[in-house]
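Heads up, the thing below is written out as structure tokens.
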Amino acid sequence: MTEVVANADFKVKPLIPVTQALEKLLADVETDLVIEQVDLKNALGRVLAQQPTALVDVPPQDNSSMDGYAVAMASLNVDGATILPQSQRIAAGDDPQPLTVASVARIFTGAEIPSGADAIIMQEQVTVDAAGVHLPAGIKDRQNIRPRGQDLKRGELLQPLGKKLQAADIGVLASAGIDLLSVYKPLKIAILSTGDELLEPGEPIAPGKIYNSNRAMLTALITQLGMQVVDLGKVADTFAATQKALAIAADSADLIISTGGVSVGEEDHIKAAVDSLGTLDMWRIKLKPGKPLAYGRVNGTPIFGLPGNPASALITFCLFARPYMTKLQGGIVVKPMKFKVIAAFEHLKSGSREEYLRARYSEGEVQPFKNQSSGMLSTASRANGLIVIPADAVIQSGELVDFIPFSELLA
Ligand code: AMP
Ligand code: MG
Numbered sequence: 011m012t013e014v015v016a017n018a019d020f021k022v023k024p025l026i027p028v029t030q031a032l033e034k035l036l037a038d039v040e041t042d043l044v045i046e047q048v049d050l051k052n053a054l055g056r057v058l059a060q061q062p063t064a065l066v067d068v069p070p071q072d073n074s075s076m077d078g079y080a081v082a083m084a085s086l087n088v089d090g091a092t093i094l095p096q097s098q099r100i101a102a103g104d105d106p107q108p109l110t111v112a113s114v115a116r117i118f119t120g121a122e123i124p125s126g127a128d129a130i131i132m133q134e135q136v137t138v139d140a141a142g143v144h145l146p147a148g149i150k151d152r153q154n155i156r157p158r159g160q161d162l163k164r165g166e167l168l169q170p171l172g173k174k175l176q177a178a179d180i181g182v183l184a185s186a187g188i189d190l191l192s193v194y195k196p197l198k199i200a201i202l203s204t205g206d207e208l209l210e211p212g213e214p215i216a217p218g219k220i221y222n223s224n225r226a227m228l229t230a231l232i233t234q235l236g237m238q239v240v241d242l243g244k245v246a247d248t249f250a251a252t253q254k255a256l257a258i259a260a261d262s263a264d265l266i267i268s269t270g271g272v273s274v275g276e277e278d279h280i281k282a283a284v285d286s287l288g289t290l291d292m293w294r295i296k297l298k299p300g301k302p303l304a305y306g307r308v309n310g311t312p313i314f315g316l317p318g319n320p321a322s323a324l325i326t327f328c329l330f331a332r333p334y335m336t337k338l339q340g341g342i343v344v345k346p347m348k349f350k351v352i353a354a355f356e357h358l359k360s361g362s363r364e365e366y367l368r369a370r371y372s373e374g375e376v377q378p379f380k381n382q383s384s385g386m387l388s389t390a391s392r393a394n395g396l397i398v399i400p401a402d403a404v405i406q407s408g409e410l411v412d413f414i415p416f417s418e419l420l421a
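Note that this note's numbering gives residue 110 to position 100 of the sequence shown, counting from 1, and the numbers run on in steps of one.
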């Protein structure tokens with residue numbers, strides 16, 4: 011029986027560390043991307059297929075950082091205050107005249123500096139009366155002037171290839187005059203949930219059944235990555251149903267993510283079904299939760315077989331599927347930031363696997379939830395990140411531990 015052989019195989023494979031597993035997975039990414047154009051308002055979360063450069067200097071002209079008066083240094087008394095007449099008024103958006111010699115120009119924040127002016131005096135430091143505009147002593151050359159090109163020079167690289175665009179990126183592109191961008195077409199990700207026990211929310215609960223949480227959660231995770239979900243629904247725990255669903259998934263998507271059915275029990279058909287259509291490896295990762303992770307290809311399309319337990323599915327998605335998908339989408343894979351924070355707990359039983367604990371960080375301290383059962387999703391929802399406990403480590407209360415905020419893993 012093939013299943014028994016697979017089982018034996020699985021047992022002899024050594025456990026590999028999380029970082030090594032991720033390196034191997036990323037090395038197996040084969041991209042085949044389509045490029046499309048989007049305008050800026052549709053660019054959020056999209057991955058750059060070009061390296062945009064500034065079309066203009068930013069700001070395009072010298073401009074005032076204050077409401078006040080523009081003056082030429084040459085018109086100022088060297089030792090004391092100066093009184094000058096006002097020759098023009100320049101509001102933001104105006105095209106100013108050159109500054110008349112021995113005068114000031116009334117000017118407002120963001121307005122272009124007239125040629126000939128080389129300092130702005132803020133209005134609070136000035137008095138105006140019938141004699142003219144009284145300027146204080148001590149004015150510095152170029153004060154309160156934002157010079158042309160201070161932020162960006164024309165032709166300057168704005169973002170690298172593969173950058174996933176965030177709000178500030180889009181603002182910068184706009185400031186540099188860019189309206190259209192080349193980005194990669196979003197990948198299609200097929201999801202399927204194995205398990206005869208699964209009901210969809212909205213259906214009445216029934217004996218032996220549970221609600222399918224992975225399907226809704228994966229849909230959200232994939233959508234957050236800016237990719238399209240091809241939802242193949244629930245798959246019955248039979249070889250035939252699993253094989254059929256996988257073949258359809260491979261045909262209709264760039265990547266397949268399944269949950270459940272990857273153990274080595276009689277009701278677990280992912281491995282045999284993938285083997286029949288391609289190749290599947292069961293990876294034993296030094297990771298808790300989520301030791302067994304299935305990865306392979308179905309008719310050439312990569313597949314992640316995530317564990318059925320929802321918390322394991324979430325964590326293995328974040329650690330492995332997410333960076334893989336980012337690279338497959340043409341994006342730059344960025345390591346999630348970890349922060350050293352104070353442990354408000356002790357972890358005295360060391361384990362041979364790296365452990366990711368659902369936890370809450372607050373005011374400099376982090377505390378894991380007591381029950382870390384991989385079947386419990388409520389704690390993942392109440393947590394704001396994961397504590398990483400290295401293999402073989404013991405943690406005393408008050409020590410520094412690594413914490414990854416969920417914001418680093420979920421978008
Ligand atoms: P399996 O990996 O199929 O053996 O499933 C492991 C555990 O996860 C079992 O308790 C399943 O009932 C549960 N499980 C599997 N798939 C889902 C799902 N889509 N939603 C919620 N729980 C699931
Ligand atoms: Mg199952």
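Glycine included, each C-beta is placed from N, C-alpha and C at the ideal position.
For LEU420, the secondary structure class from DSSP, reduced to helix, strand or coil, is coil. The beta carbon of ASP206 sits no closer than 7 Å to any heavy atom of the ligand AMP.
GLU409 and ARG56 have their alpha carbons spaced roughly 40 Å apart. ALA200 places its beta carbon 8 Å or farther from that of ALA246. With respect to the C-alpha of LEU358, the residue from GLN98, GLN406, MET76 having the closest C-alpha is GLN406. In the displayed model, ALA226 falls within a helix according to three-state DSSP. Excluding residues up to 5 positions away in sequence, GLN107, ALA115 lie with their Cβ nearer than 6 Å to the Cβ of GLN98 in the same chain. Note on geometry: alpha-carbon atoms of LEU367 and LEU228 lie some 20 Å from one another. In chain order, ALA304, TYR305, GLY306 place their CB closer than 8 Å to the CB of ASP291, counting only its own chain and leaving out the 5 sequence neighbours on each side. DSSP places LEU287 inside the alpha helix (DSSP H), whose first and last residues are 280 to 287. With respect to the 8 Å criterion, ILE342 and LYS173 are classified as neighbours on the basis of their beta carbons.
Under DSSP, ARG156 forms a beta bridge with ASN73.
Fully contained in the stretch 78 to 166 is no alpha helix (DSSP H) run of length 4 or more. In chain order, PHE249, THR252, GLN253, LEU256 place their CB closer than 7 Å to the CB of ALA283, counting only its own chain and leaving out the 5 sequence neighbours on each side. Secondary-structure assignment with DSSP links ALA200 through a beta bridge to VAL240, ILE266. Leaving aside the five residues that flank ASN319 on each side, the residues in its chain whose CB is nearer than 6 Å to its CB run, in chain order, SER384, GLY385. Shown here for GLY205: same chain residues with a beta carbon closer than 6 Å to its own, the five before and five after excluded, namely GLY270 in chain order. In the DSSP annotation of this structure, LYS350 is not part of any alpha helix (DSSP H); the continuous beta strand (DSSP E) holding it starts and ends at 349 to 353. For ASN224, the Cβ falls inside the 7 Å cut-off from some heavy atom of the ligand AMP. Counting along the chain, ALA31 sits inside the alpha helix (DSSP H) bounded by residues 28 to 37. Contact check between the stretch 317 to 333 and the stretch 348 to 363: fewer than three CB pairs, one atom from each, fall below 8 Å, which does not count as touching. With a cutoff of 7 Å, ASP278 counts as near the ligand AMP, since its C-beta is closer than that to a heavy atom of the ligand.
In this structure, the ligand AMP has a non-hydrogen atom nearer than 7 Å to the beta-carbon of ASN319. Under a 10 Å Cβ-count criterion, VAL344 is classified as exposed, with fewer than 16 other Cβ atoms of the shown protein chains found around its own Cβ. Of the candidates ASP412, ALA369, GLN382, ALA369 places its Cα closest to the Cα of ARG392. Contact check for VAL68 against ALA186 passes: the beta carbons are separated by less than 8 Å.
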